[in-house]
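These notes concern the structure reproduced below.
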Amino acid sequence: MLSLLLAAAVLVPASADAVLSIEDVSGLRSLLEKAGTHAPSLGPQPIGATLRDRLGVDLLSEPAEWGLAPRGARLLVFSSDGMGLAAPVHDAGAAKKMLAAWLGQKPRRAGRIGGGRLLTASGANPAAVLAAMSRSSPIPAALAARAKGPVWLWMRLAAPLRAVLLSIEAGGSGLTGRGLATADGPVLAGAAPSGCSQGIACLRAGLAPAGRGAIALGLERLGFPPQQELATAARVEERLEAGDPRALTDGRSIPRATRLLTAFDAEPSAGAALEITVALATVESVLATLTPLDALRGPLAAGAYAVHLLYGPLLRNAGPLTVTGNPKGAGAELELRLPLR
0 MLSLLLAAAV LVPASADAVL SIEDVSGLRS LLEKAGTHAP SLGPQPIGAT LRDRLGVDLL
60 SEPAEWGLAP RGARLLVFSS DGMGLAAPVH DAGAAKKMLA AWLGQKPRRA GRIGGGRLLT
120 ASGANPAAVL AAMSRSSPIP AALAARAKGP VWLWMRLAAP LRAVLLSIEA GGSGLTGRGL
180 ATADGPVLAG AAPSGCSQGI ACLRAGLAPA GRGAIALGLE RLGFPPQQEL ATAARVEERL
240 EAGDPRALTD GRSIPRATRL LTAFDAEPSA GAALEITVAL ATVESVLATL TPLDALRGPL
300 AAGAYAVHLL YGPLLRNAGP LTVTGNPKGA GAELELRLPL R
């Protein structure tokens, strides 16, 4: 849970941009089919309906009427302005007919066909999304070389981190992502400390300056007090344990609802420089203690209760979520694993 919160707080700023490339959808479809047995809203049909509404095309089951090319990556673009799709076209006439019908159904939609591609967008400013998709790729060369495989994900991150690109393998048993995160300087150094035998989530890392800065920024955005020792620590363990979830109200209430235990410069382990573990089933056991009355305390409490109602069975059958990493120049090599039962 701490790792998920840190990701929300430091990895994805409010003006986040992301690109999801899908060249072979079969793995994602299998993943969603399995996830849908635990959380029906995540099944291929509900997700496909959302894609049809937001982008015009259900990428999980592409209708021939859109005239898309059978091969070639479909790019989903996400930003504060909205959501967009870029896909190769085989039959431009068919695509134009379907695009005109989709544009006429609702406001705040935009689209065009050019250069052998279908571009669609919706959201607060769909024209801005189309313009962004028409410009050159925002992915720097250091990451573009890793943009390959049936599915990959690029995300812009908050300084001192810059961006991450993960090649994703998905299926009914879960997903694995491997790739590179870039930063303003080295993120990791040495081995992570030993520890984290308990807790609902834990981050252990051997730190370089950008890693210290990223953790400090994440904790600050979550409302935790500054950790003076972090500024010079070679190794850190940040372990989150269950506190009183009924203390949740808004985004600044997390320190009141949890217990954060920290250790600096413990003995190094024999493993990777970064090890993150999130016990999703334990997270659900904590959320399950909330009641409808607790949800009235504030937006974060309401969101936590909604997660329990919608995704509780999925959390009980997923994880643990793990992320491992090792130094790679001004950045880090990463591997993410999320099993699904």
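Straight run, no breaks: the sequence shown in numbering that gives the first Met the number 0 ends on number 340.
We put the CB at the ideal spot given by N, CA and C, even for glycine.
A quick note: this is a predicted structure, and the numbers were derived from the prediction, not measured.
Going by beta carbons, A34 and L27 fall outside the 8 Å limit. Secondary structure of A126 (DSSP, three-state): helix. Look at the region 158-190 and you find these whole runs of beta strand (DSSP E), each 3 residues long or longer: 160-170 and 173-182. Comparing alpha carbon positions, the residue from L19, P326, G330 and N316 closest to I167 is L19.
If you draw a straight line from the Cα of P338 to the Cα of T276, it comes to about 12 Å.
For V306, the enclosing alpha helix (DSSP H) begins and ends at P298 to R315. For V163 and R155, the gap between their C-alpha atoms comes out near 7 Å.
With the rule of 3 Cβ pairs closer than 8 Å, the region 60-71 counts as touching the region 93-107. Under the DSSP assignment, L84 falls in the beta strand (DSSP E) whose first and last residues are G81 to P87. The criterion of a C-beta distance shorter than 8 Å is not satisfied by G81 and S133. It is roughly 41 Å from the alpha-carbon of P192 to the alpha-carbon of A72.
In this structure, A180 keeps its C-beta atom at 8 Å or more from the C-beta atom of L320.
The Cβ atoms of L187 and A331 lie closer than 8 Å to each other. Counting only residues of its own chain and dropping the five nearest sequence neighbours on each side, A278 has a CB closer than 6 Å to the CB of I199 and P319. Taking C-beta atoms under 8 Å as the contact rule, P185 and D23 fail to qualify, at a distance of about 35 Å. Judged by DSSP in its simplified three-state form, A144 adopts coil rather than helix or strand. Close CB contacts of L165 within its chain, under the 6 Å cut and outside five residues either way in sequence, are with L152, G176 and G178 (chain order). If you compare the alpha carbons of A100, P69, G83 and K105 with that of H89, the shortest gap goes to P69.
Residue pairing by DSSP puts G113 in a beta bridge opposite R116.
In chain order, D264 place their CB closer than 6 Å to the CB of A233, counting only its own chain and leaving out the 5 sequence neighbours on each side. Each residue's CA atom was taken as its position, placing I253 and A294 some 14 Å apart. Per DSSP, the unbroken beta strand (DSSP E) holding L74 starts and ends at R73 to S78. Taking a contact as a CB-CB distance under 8 Å, the pair G194 and R203 counts as one, their CB atoms being some 6 Å apart.
Straight-line spacing of the CA atoms in L289 and L308 works out to 10 Å.
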